[in-house]
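Just below is one structure, and these are the notes that go with it.
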Amino acid sequence: MSLAVIHTRAQLGIEAPPVAVEIHLSGGLPSMSIVGLPETAVKESRERVRSALITAGFEFPQRRVTINLAPADLPKDGGRYDLAIAIGILAASGQLKGWKACPSVEMIGELALSGDIRPVRGILPAAVAAGKVARALIVARDNAAEAAMAEGTEVFAAAHLLELVAHLTRRQVLSAVVSADQAEVEHQVPDMADVKGQLQARRALEVAAAGGHNLLFSGPPGSGKSMLASRLPGLLPPLAVDQRLEAAAIASVAGQSVTPACAGIRPFRNPHHTASAIALVGGGSHPRPGEISLAHQGVLFLDELPEFPRRVLEVLREPLETGEILISRAARQTRYPARFQLVAAMNPCPCGYHDDGTDRCICTPDQIRRYQMKISGPLLDRIDLQLQVPALPAETLLQSGRSGESSAVVRARVVAALERQLQRQGKMNRELSGPELERVCALDAATEALLVRVMQQSQLSARACHRLLRVARTLADLAGLAQVRREQLLEALAFRGLAVGGWC
């Protein structure tokens with residue numbers, strides 16, 4: 042046999058397109074060439090595979106070896122093809138007695154010069170894709186636990202090339218990897234019961250969790266903005282099965298642990314304000330996910346929001362609307378999901394004490410205006426809840442014990458509101474389109490007249506109006522109401538930072 046075809050998977054964002062590794066041995070001077078749009082790391086497979094085969098005791102064929110990675114128009118990078126190339130060479134040269142290249146098996150792994158099989162990134166998407174076409178997957182032992190998280194995929198793990206050869210030739214068959222019980226994963230989430238006072242901020246967190254709304258806290262230093270934001274993940278329900286796979290696939294591609302996502306724990310990302318635009322949205326010559334994608338199905342917390350460069354903040358505008366990010370480079374385009382919940386915190390001025398009821402602020406009006414202007418109007422338009430968080434009085438701050446509801450109590454109300462949304466429209470309120478809003482947020486004549494007056498006097502954009510209605514719909518869901526009433530609209534206005542005294 043001088044031709045063998047081994048199946049493997051490439052990595053393209055969180056997708057794993059199939060790749061057929063075709064190995065052909067022919068006469069001529071001994072050589073080894075790889076075609077099919079390989080990049081540098083793939084071309085270097087020649088030396089890794091040659092040394093691994095010889096070290097493991099196999100004979101490297103003294104013939105002309107041609108390796109084609111199909112499809113030819115898909116860029117190939119990394120060392121993930123080493124294992125398939127090595128097994129293909131052994132099969133084509135007749136060194137795998139009793140085994141023929143099997144179309145129902147795929148293999149991914151990088152080879153060390155000693156023949157050890159090393160782990161690679163992006164195994165979970167590959168395992169899910171292999172299971173969809175009813176193929177087994179062979180991976181490095183260090184990738185076994187991650188690959189086994191893909192339900193319905195038969196996974197085998199080997200630590201050395203000789204182990205894999207023994208398995209393929211039926212001399213010593215490997216046992217299928219069994220997925221660990223993710224329910225045993227422990228994760229400590231900050232509890233709402235630790236928050237003292239701040240009743241309006243607690244209410245805003247509950248509304249944000251119930252409808253998936255974006256949230257901005259503004260207040261002096263030490264008022265508890267960061268503490269409040271860290272409590273939001275504890276109010277959200279665990280990830281559904283499809284959401285877990287999406288979040289885990291992004292973590293896998295980024296080289297991070299997939300265990301929390303597979304256990305249903307929502308991600309909470311908190312980048313420093315010195316982060317670049319590429320750090321937020323992702324990028325690089327081989328585009329990798331950024332913070333907004335790593336926060337997919339979870340929370341992205343931006344503390345000290347005005348300290349982020351304005352150019353960095355502006356890249357958030359499209360993902361907040363579309364729920365995805367398309368990273369374009371000269372060689373390729375990669376699409377990553379980015380359906381996150383934005384929570385931000387800021388001080389009202391550079392010193393932080395503007396309008397806090399004291400005379401501590403030393404900022405001039407021009408400094409305050411320039412500081413607040415760092416956040417553009419279009420970005421603020423996309424933040425549904427904008428709340429002032431006052432400093433706590435000393436007596437409230439020093440009182441002992443827990444005074445508020447726990448996260449579990451609030452989460453029960455949030456889950457009930459989410460169930461109402463899913464039964465009514467099949468999605469969260471934040472995802473409602475304009476026509477859907479007209480259907481599920483129908484207002485009576487008096488409430489509609491109030492909304493028209495608010496829009497005219499406050500000069501609200503169409504986007505701000507829609508977001509106002511989505512928040513009002515969430516408030517009605519929390520109250521168990523079928524229709525949005527005047528009370529919910531007024532509360533939504535207050536959460537938008539608009540004075541409601543003149544409209545009551």
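Position in the sequence shown counted from 1, then plus 41, gives you our numbering.
Glycine is no exception: its CB is placed at the ideal position from the N, C-alpha and C atoms.
Practice task
Starting from the Cα of L70, find the closest Cα among P59, P102, S334, T81 and give me that residue.
Solution key: Per the C-alpha coordinates, the member of P59, P102, S334, T81 positioned closest to L70 is P102.
Exercise for the section: Give every residue of the same chain whose Cβ lies closer than 7 Å to the Cβ of A533, excluding the five residues on either side of it in the sequence, and list them in chain order. Expected result: Setting aside the 5 residues that flank it on each side, A533 is surrounded in the same chain by L509, V512, A513, L516, each with a C-beta closer than 7 Å to its C-beta; the list follows chain order.
Problem - CB contact flag (H254, L426, <8 Å) - result: Between H254 and L426, the C-beta spacing is below 8 Å.
Problem - Whole-angstrom C-beta distance between V180 and G135, which should lie under 8 Å - result: Rounded to the nearest angstrom, the Cβ distance from G135 to V180 is 26 Å, too far for a contact under 8 Å.
Problem - Sequence-distant residues of its chain with Cβ nearer than 6 Å to H65 (five each side left out) - result: Counting only Cβ-Cβ distances below 6 Å, and skipping sequence neighbours, we find L44, T107.
Exercise for the section: From the DSSP output, read off the bridge partner residues of Y377. Expected result: According to DSSP, Y377 bridges with I366.
Practice task
Note the first and the last residue of the continuous alpha helix (DSSP H) segment covering L110.
Solution key: L110 -> not in any alpha helix (DSSP H); beta strand (DSSP E) instead, spanning 105-111.
Problem - 6 Å Cβ shell around N470 - same chain, five flanking residues per side excluded - result: Within the same chain, N470 has close Cβ partners G252, Q462, R511, R514, T515.
Exercise for the section: Leaving aside the five residues before and after G139 along the sequence, list all residues of the same chain whose C-beta is less than 8 Å from its C-beta, in chain order. Expected result: When the five nearest sequence neighbours on each side are left out, the beta carbons in the same chain lying within less than 8 Å of the beta carbon of G139 are those of T210, R211, in order along the chain.
Exercise for the section: Mind checking which residues open and close the beta strand (DSSP E) that includes I64? Expected result: Segment 59-67, the beta strand (DSSP E) holding I64.
Handout entry: Under the three-state DSSP convention, the category Q229 falls into
Key = When DSSP states are grouped into helix, strand and coil, Q229 belongs to the coil group.
Handout entry: Three-state secondary structure (DSSP) of H507
Key = In the structure shown, H507 sits in a helix (DSSP, three-state: H, G or I).
Problem - 8 Å Cβ cutoff met for E477 and Q466 - result: Between E477 and Q466, the CB-CB gap stays under 8 Å.
Practice task
State the Cα-Cα distance for the pair V450 and P116, rounded to the nearest angstrom.
Solution key: Whole-angstrom Cα-Cα distance: 50 Å.
Exercise for the section: Check whether the Cβ atoms of G68 and R91 lie closer than 8 Å to each other. Expected result: It is not a contact, given that the beta carbons lie outside the stated cut-off.
Exercise for the section: Go to S264, then tell me how far its beta strand (DSSP E) extends in each direction, as first and last residue. Expected result: Where S264 is concerned, there is no enclosing beta strand (DSSP E), given that its DSSP letter is neither H nor E.
Problem - Rounded separation between A18 and P160 - CA only - result: In this structure the chain extends from 42 to 545, so residue 18 is not present and cannot be described.
Exercise for the section: Label K84 either buried or exposed according to how many other C-beta atoms from any shown protein chain fall within 10 Å of its C-beta, with 16 as the threshold for buried. Expected result: By the neighbour-count rule (16 or more Cβ atoms within 10 Å), K84 is not buried but exposed.
Exercise for the section: Check whether the Cβ atoms of V236 and L269 lie closer than 8 Å to each other. Expected result: Judged by their CB atoms, V236 and L269 are nearer to each other than the 8 Å cut-off.
Handout entry: Residues of its chain near F536, where Cβ-Cβ distance is below 8 Å and the 5 sequence neighbours each way are ignored
Key = Here the set comprises A245, V248, D425, L426, Q427, L428, V512.
Practice task
Take R358 as the anchor and find which of R380, E489, L276, V294 has the nearest alpha-carbon.
Solution key: Considering only R380, E489, L276, V294, the residue with the shortest C-alpha distance to R358 is R380.
Handout entry: Through-space distance from N311 to S216, alpha-carbon basis
Key = Between the alpha carbons of S216 and N311 lies a gap of roughly 41 Å.
Problem - Candidates S271, E80, R401, of which the one nearest L343 by Cα - result: Of S271, E80, R401, the residue nearest in Cα terms is S271.
Practice task
Identify whether A295 lies in helix, strand or coil by the three-state DSSP scheme.
Solution key: Three-state DSSP puts A295 in coil, outside helix and strand.
Problem - For I158, three-class secondary structure by DSSP - result: Strand, per DSSP.
Handout entry: Residue range of the unbroken beta strand (DSSP E) whose run includes H48
Key = Start and end: 44-50.
Practice task
Look up G77 in the DSSP assignment and say whether it is helix, strand or coil.
Solution key: Correct three-state label for G77: coil.
Handout entry: H201, DSSP secondary structure in three states
Key = Residue state, collapsed to three classes: strand.
Exercise for the section: Spatial neighbours of L501 within its chain, please: CB distance less than 8 Å, with the 5 preceding and 5 following residues excluded, ordered by chain position. Expected result: Within its own chain, the residues whose Cβ lies closer than 8 Å to the Cβ of L501, once the five positions on either side in sequence are excluded, are V495, L509, listed in chain order.
Practice task
Give me whichever residues DSSP pairs with M469 in a beta bridge.
Solution key: Per DSSP, none; premise fails for M469.
Problem - Check whether Y412 and P431 have beta carbons under 8 Å apart - result: Going by C-beta atoms, Y412 is not nearer than 8 Å to P431.
Practice task
Find the nearest neighbour of L256 within the set Q52, R423, A453, A503, judged by alpha-carbon distance.
Solution key: The option with the nearest alpha carbon to L256 is R423.
Problem - Backbone CA spacing between L531 and S474 [nearest angstrom] - result: Distance between the alpha carbons of L531 and S474 is about 22 Å.
Practice task
Measure the C-alpha to C-alpha separation of N109 and A170 and round it to an integer number of angstroms.
Solution key: About 22 Å.
Exercise for the section: Under 8 Å Cβ to Cβ from G275, same chain only, skipping five residues before and after it: list those, please. Expected result: Hits under 8 Å: V230, P231, D232, M233, S448, R452.
Problem - Alpha-carbon spacing of I409 relative to L438, whole angstroms - result: If you take the alpha carbons of I409 and L438, they lie about 28 Å apart.
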